[in-house]
Structure formats: C-alpha cells, structure tokens
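In our numbering, the protein residues as written are 579 to 667. Beta carbons are placed, not taken as given, at the ideal position from N, Cα and C, and that holds for glycine. A quick write-up on the structure given underneath.
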Amino acid sequence: MRRVLSTIMSERLLTKKQLAEAVGVQEETLEDILDLLARRGLLSVSSNCSSSPSCASCPLASSCDSHQRREVTYTLTQKGIRYVRQEAR
C-alpha cells in the first residue's frame, strides 16, 4: 500500500493502468487497494478532475479532456503524506 501511495505522491499524473504497472499489480487489485486507502483516509477521491488541486498545477490541464470522460483522481491526504514519510524513515 505504501508503494501505491508513494508512487501517486511522486508521479502525480498516472492512469490506473500506468500506476498498476508501476507498482506491479493487476488493475483490479489496484482498484481494491485504492478503495481501501480511501476508506482509511489516506487518499482523497474526486470524480471531477478539473476541481482537483492536482489539476490546477498540472501542465497538461488546458489540453486534458478528463472532464468529458468522468475520470477519477486520487490525491494523498495529509494523513497519507505523513504515512509515506513515516514509512520512508
């Protein structure tokens, strides 16, 4: 789980397929992990990318069509950031 969180924190903008490949799991398994992390308060889930803080700082925001595709974005919460940093020690 920490690997998923740290990858999201460091890479910022990945598709679920890319994230699954980066952490070495199947996409279906990744879905379960993301749901669990969100339930534990380590991830924030937004169904509207354009309202996400990640979108505001994304260099591709102006060309992104995520608002048309119903994308979901995952952002680490403060609790998630603390968890990643604590585990890195």
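Inter-residue Cα distance where the pair is residue i and residue j
i	j	result
V582	L591	13 Å
L597	E605	8 Å
V662	S584	6 Å
G602	S624	24 Å
H645	T651	Because H645 carries a pLDDT of 48, less than 50, the predicted location of this residue cannot be relied on, and the following value inherits that uncertainty. Near 11 Å, if we compare the C-alpha coordinates of T651 and H645.
Q664	E599	24 Å
R617	I659	15 Å
Beta-bridge partners of residue i, as assigned by DSSP
i	result
L608	Its beta-bridge partners do not exist; DSSP assigns none.
V623	Y652
Beta-carbon contacts of residue i that lie in its chain and below 7 Å, excluding the five residues immediately before and after
i	result
T655	G619, L620, L621 and S622
K594	E605 and L608
Pair within 8 Å by beta-carbon distance, residue i and residue j
i	j	result
I611	M579	yes
Cut-off 6 Å between Cβ atoms - residues of its own chain near residue i, not counting five sequence neighbours on either side
i	result
K657	G619 and L620
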